[in-house]
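Chains as they are written, first to last, in our numbering: chain G, 400 to 819; chain R, 128 to 1140; chain C, 6 to 102.
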Amino acid sequence: MRATMQPFSALSLLKRGLSGQRGWAAQWRSPEPKAAYDAVIVGGGGHGLGAAYYLASEHALGSIAVLEKGWIGGGNTGRNTTVIRSNYLFDESAALYDHSVKLWEGLSQTLNYNVMFSQRGVLMLAHTVHDMQVSKRHVHANRAAGVDNEWLTPEEAKAFCPPLNIGDVRYPVLGAALQRRGGTARHDAVAWGYARAADALGVDIIENCAVTGIRRNTDGSVAGVETTRGPISTRRVGVSAAGHSSVVMKMAGVELPLESYPLQALVSEPVKPVFPCVVMSNTIHAYISQSDKGELVIGAGTDAYTTYTQRGGLHISSHALEAVCELFPMFRRLRMLRNWGGIVDVTPDRSPIIARTPVPGLYVNCGWGTGGFKATPGAAHVFAWTIARDEPHPINAPFTLERFRDGNLIDEAAAAAVAH
Amino acid sequence: MTQGFRTVSGGRIDRARVLRFSFDGHAYAGVAGDTLASALLANGVHLLGRSFKYHRPRGLLAAGSEEPSALVAVRRDAARYTPNLRATQVELYEGLEAHSQNRWPSLALDFGAVNDLLSPFIPAGFYYKTFMWPRRAWRWLYEPRIRAAAGLGRAPTQPDPDRYASRYAHCDVLVVGAGPAGLAAAAAAVGAGARVILCDEQNELGGSLLSDSSRAAPVIDGRPAARWLDDTLADLAARQVTLLPRTTAFGYFPHNLVALNERLTDHLAIPAALAPRERQWQVRAREVVLATGAIERPLVFPGNDRPGIMLAAAARTWLNRYGVLPGTRAVVVTASDAAYEAALDLQQAGLAIAMIAEVRDAVPAGLADLTRAAGIPVLTGATVLGTSGRRRVQAIRLARIRHGAVSEPKTLRCDLVLMSGGFTPSVHLFSQSRGTLAWDDAVQAFLPAVLAERARSAGACRGVFELARVRSDGAAAGAAAAREATAPGREGVCPAGALGRSVAAAAAGSAEELAGARGFAGALPQPQRARGKAFVDWQNDVTTRDLALATREGFRSIEHIKRYTTTGMATDQGKTSNLNALGVVSGTLGKAIPDMGLTTFRMPYTPVTFGSFAGSARGDLFDPVRTTPMHSWAVKNGAVFEDVGLWKRARHFPCPGEDLHRAVNRECLTVRNACGIFDASTLGKIEVVGKDAVTFMNRLYTNAWSSLAVGRCRYGVLLRDDGFVYDDGVVARMAEDRFHVTTTTGGAPRVLALMEDYLQTEWPDLGVWLTSTTEQWAVIAVQGPTARPVLESLVDIDMSAAAMPHMSVAVGHICGVPMRLFRVSFSGELGFEVNVPADFGAAVWEAISEAGQAHGITPYGTETMHVLRAEKGYIIVGQDTDGTVTPEDAGLGWAIGKNKPDFLGKRSLQRPAMTSADRRQLVGLLTVDPATVLDEGAQVMLEPAAPVPTRPIGHVTSSYYSATLGRSIALALIGGGRSRSGQTLYVPMPQGDVPVQVASPVFYDPKGERLNA
Amino acid sequence: MLLIQCPYCGERPEPEFVYGGQAHIARPQPSAELSDQEWTNFLYRRNNTRGAHAERWRHTHGCGRFFNALRDTTTDHFLATYKLSEPPPRPPAESAE
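Here it is in structure tokens:
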């Protein structure tokens, strides 16, 4: 086990720069899988790597492996628009996402890896009277929950985001809710930062290792996993496999109320700084920010049908661009550089499941829909707790599988009900 | 304005048509047929840009859309400013104004070049390792500086006034790429009777034929290639082939949908005022032929990025197509045969060829003869140790390397270096179609292997390079595509069933052909302590050292290496760099290229203007605007509108000087004391008809419908099967087998969809027909104590309370027009809703308004409607309910048919959480201070000055000032609310906690006396 | 934008259709007799198949009819579309990972 990692700092860059940056070691090892671990995390995205990191750093769980069927961070962690916010309506959601924002705020320092968390502010536009009612409800609920969120007039919104077209639009901007602590981060760095820090604590990160089965003891509890690189014994398996969670959990006979939909995003060619924050509009379906590299990062909606192809329809990304061009007509001449799709796993109430399962020793963190990236540190943190203690952290206690049976839904989307 | 590097003849330009243009404020001249790039080269200008990270001087690497370095902004006027265009694709026009980017203060003197000196300390991914202390400095110090340094051009600052068009098209065969393979494919396909579309990204169709020299012009069908090209294009046009130049196929989507971007006006000096700038085509093709060619690879050696160092094929294009000499004295570095053609062409045009440095150990025999005859010295087994020259290459250091030992080093003076690492087949679209690629050892490239769509590749994009074979490959693909597309019995574009055929192998090329094109991927061999940066990705400044660092730091997957170093992620998306990056990493890791995998090809092939995706969807065309038959009357009478879904609804009708609140107060009082007229046409209306209509309604809505008599109405509640309130509305029984169902404005389409779903899929045995009548009926609500006298004079039916009690419906005429008259009220006053055919809506509205004058009638809008209904405690689904509310929560328990065996959502209402006593229930709230109006959405607390965080016990759903009651009122969903009557609660507002008292949600006329008047 | 073979109208582009979720889930009637878990399964449990997925579509902006389809969710290619009254065709070998 490596007790330390090579520190990252301006000084270390300078020092190694004098010798051609030759002194750097691998950020994480490529170990062969061992025969047994105390805990195995299935899925090497930010959530899985983060869970492994917190299991090792806060729960001293002994030996831990992360199994990734491809390369780490290659799923939704590396395919999203990196928006981070916690201005959710329900207390349960706000607590979870705000736990995450608080961890984001110190994550670069915790991991000694610059994840470029930039609290640029997230502006959510209201275009109708109904939008205003919903937005103000969020503002009031968030303030009661201790989550920053404030209401801006159209003029204040324009001052905060000068390119915004508030008047000459099919749906004029009537106001906006602003969460100043919201923002963006660098997605790849989150996966790599957790991987490097977990590896330094002895976690084995095993890429190109797909789980093909979950072995059970006669009492039904988890005995281990079958993988493309051989069987691994373990008593605890945490599944954090996003769009593929249904497939993995079925190996243990656990049915999840999930459906996997394609979600697209796109970027423009890079331009000099022109866009200061994140802007989202639920009514006309756009969200947009500018990356540190200068690309405008634009999120589109999901397609209507379930699929595993990681690709959506042209009309979906076109619609996102219609909305962006309507709100920011000076961006019409910019050009789409790259468009990509991910698979998002959606639950009936669009809130995640972070919970124990009917199979002892099997835990699941899934159902993030379009919101998984922002929750990475918080979800990983409480998921690690749940795995280590075999009971949920108070923050994820409401996010059970059983809530669908009992009717304790946490339905953010329904709460933003369509106008009448 | 000399064009000193223009040849006297040759090329596809018109020397007689001189075009003036400017670059960074300097005036130049070019000629018709030039691109900005060729015109600048003709003027001897090679410094066109600065690189992204190190701000190194850059010229032109390529002559086509793959150009990574020469990015410029073109400005037509303040609003028409387009950054990041490749100079090689900007067609010259009179007066063109272009600017270089990412430099300060000027292109020649760029202070950003200090980064080049700092480069030892800012390797790939350096930003992940630093800028972390102090914590807050990232947001306020480091990040703004990084951002300012990043980015390429600047974004336009004014709204784009240009228009963009879109078009759908169908064809039998879409041919992408109009080089020799594509032309042959199109000719063969149209010859076989297919409808064909042929597109090409260049301004002229012809592909590689456009760059052929007169020195060794190929002969096709007994004609010089240029003649053959003209003849072929004329022939295709005559046979109704849709020919689309300047049209890039940029995306390949499922089921043979290919998206094209056609550029229509950017090449014109003065575009027609309303002409669209670009057109996006979505082509659904039965069969697709991909003839997308191949892109030459640069060679990777130290200092390979100076202006004047370019691809050999590019130099050939400058000379043969544009009549431009790209230098005076050239050195050629090559690992493929194609560069020899370029050397010979340039020599014939008068350039000195100082040497051909051949990377391979031997020169193919035929070429050896030619170079000997031309007197060009050749160094085989060569490598490049470095180059020199500040803003233009001045010299190159060549040597041989054997087993790490350097021999025969020599430095040659030159102002032009041509390089060729062979050709990379353009498999982008094939890969986008989800076709599988496989490494081909003979061609040393990834080639199409397994099909995922009905597509064929032909020519260089599948490793066929020799002209005659390219043409026959194209012709065969075109003929086969036409045959399949027009085969009898073919079921549409996308017959059901799995694809996954393997690609038919191309006829094997000769050994010479393969050896000649194979080339080299990776970095040229260097001595142990090599100096200088060897670039792999020009635009993103990724060097071999960056790739080595990434592998040293443990990145193994090519996707990781790409993301860590950013290689291949620039605006050229790795067209010239991806295979070299693979080659370099493969060398470092000792792993064969095919074992490393490929990064995914994504749409778009080249960048595509946002506006062309948005098309005409802007302003009023962004979403359709729905208006009611009475809309223009409302406009004329000063209504202020709000958006409700797609509808424009009149929110209020202010008199001069009135704001929203004063207008609403007046409208409310008028309705309460006299009469108001309200446009309710947007309400959804569904006619449910058939012998089983009542059974259907019973199964759907919570209410019991069997007991509803013909001629009577009932308020209906619709749940989804999850038990939450989905919609509501008044339902009238017009006949035993006919219901007139109304829905909320926003709910109309989804209620109908839900009804169709259950009817078709669950209960197909029921004899029921559903028809949306939302737009068939104009609905005019007349509400208030004088409503009856207003209407009585206009209708032919008995409206007395006895004949038409509250919640009844009658059929008759108003002003002679057929009418369904509902006696219903959403205001709490005596009320009627007049339904007339939509075409008569405006006229009937005006007649009622006029008749109402004597009775004090006023038009009122949605805001007044909201206040009036809130005074009565009537809910609005979607405002007072939110998708988490059960009928019991909303106080609608009375609307549940207790004895019905089932209805949608019934079972869900029995789940544990749905019956809990502390669920949020709808109550009224009265502020202790009657003047305070709560925010809608405000949270409700048990105690004042609750600490943060405190879990609220509820929230305000509706809140208004009620002029009728002379005080504010609010509706709220409160945990266990109905048991809290009279309790004081607290609502935190910006001005502080507001004490409120829990009350009944019915604030006005609780006994309903006015309603039943 | 998929191209979908409506069994009544023929091939039409996706925007004419509305996706209706997994097919062949009958609503249990009367619902009152089901356990909470059985009812929850009806409401929420979905196969989320990776491979040949039986699903419902409605040709909303066409004939208005619901029909079923078998689509490979790893490629989005339709293996078959069929009327509600018809039994599902046998998928080719179940593809799973």
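Here a beta-carbon is modelled for each residue, glycine too, at the ideal position from N, C-alpha and C. It should be emphasised that the depicted structure is a prediction, and the values quoted were computed from it without experimental measurement.
Any beta-carbon of chain C closer than 9 angstroms to the one on residue i?
i, result
"tyrosine 269/R", "no"
"phenylalanine 803/G", "yes"
"alanine 754/G", "no"
"aspartate 848/R", "yes"
"leucine 384/R", "yes"
Verify the CB distance criterion: does residue i have a CB-CB separation below 9 angstroms to chain R?
i, result
"cysteine 560/G", "no"
"histidine 526/G", "yes"
"arginine 50/C", "no"
"glutamate 16/C", "yes"
"leucine 733/G", "yes"
"tryptophan 44/C", "yes"
"glutamine 578/G", "no"
"alanine 455/G", "no"
DSSP beta-bridge partners for residue i?
i, result
"threonine 177/R", "With the sequence shown as reference, residue 177/R is identified as arginine, and threonine is not the correct amino acid for it. Bridge partners of arginine 177/R: Pro184/R."
"cysteine 485/R", "The amino acid occupying residue 485/R in the given sequence is glutamate; cysteine does not appear at that position. Partner(s): Thr461/R."
"glutamate 769/R", "Arg776/R"
"alanine 380/R", "As written in the sequence, residue 380/R is phenylalanine, which differs from the alanine given in the question. Leu384/R, per the DSSP bridge assignment."
"isoleucine 804/R", "Val909/R and Pro986/R"
Let me see if you follow: with CB-CB separation under 9 angstroms, is residue i close to chain G or not?
i, result
"threonine 86/C", "no"
"proline 93/C", "no"
"glycine 67/C", "no"
"glutamate 389/R", "no"
"valine 762/R", "no"
"tyrosine 13/C", "no"
"glutamate 102/C", "Note that glutamate 102/C scores a pLDDT of 36, beneath 50, so its modelled location is shaky and nothing firm can be said."
Just mark residue i as buried or exposed, buried being the case when its beta carbon has 16 or more other beta carbons within 10 Å.
i, result
"threonine 419/R", "buried"
"serine 532/G", "Per the sequence shown, the amino acid found at residue 532/G is glutamine instead of serine. Burial call: buried."
"cysteine 765/G", "buried"
"histidine 835/G", "Outside the shown range of chain G (400 to 819) lies residue 835/G, about which nothing can therefore be said."
"valine 1055/R", "exposed"
"proline 20/C", "exposed"
"tryptophan 260/R", "exposed"
"alanine 361/R", "exposed"
"glycine 601/R", "buried"
"serine 90/C", "exposed"
Are the stretch 691-706 of chain G and the stretch 522-532 of chain G in contact at 8 angstroms, needing three or more beta carbon pairs? no
Which whole runs of the alpha helix (DSSP H) in the stretch 951-990 of chain R are 4 residues long or more, in chain order? 968-979
Would you be able to state if there are at least three C-beta pairs under 8 angstroms between the stretch 284-293 of chain R and the stretch 710-726 of chain R? no
Are three or more beta carbon pairs between the stretch 725-736 of chain G and the stretch 797-813 of chain G nearer than 8 angstroms? no
Could you check whether the stretch 573-591 of chain G touches the stretch 535-549 of chain G, counting it as contact only if at least three pairs of C-beta atoms, one from each stretch, sit closer than 8 angstroms? yes
I'd like to know if the stretch 417-424 of chain G and the stretch 740-749 of chain G are in contact, where contact means that at least 3 CB-CB pairs between them fall below 8 angstroms. no
Between the stretch 298-318 of chain R and the stretch 227-246 of chain R, are three or more C-beta pairs nearer than 8 angstroms? no
Just checking, does the stretch 516-527 of chain R make contact with the stretch 687-699 of chain R on the three C-beta pairs under 8 angstroms criterion? no
Would you call the stretch 634-647 of chain G and the stretch 27-35 of chain C touching, i.e. three or more CB-CB distances under 8 angstroms? no
Mind listing, in chain order, the continuous alpha helix (DSSP H) runs of no fewer than 4 residues lying wholly within the stretch 696-761 of chain G? 713-726
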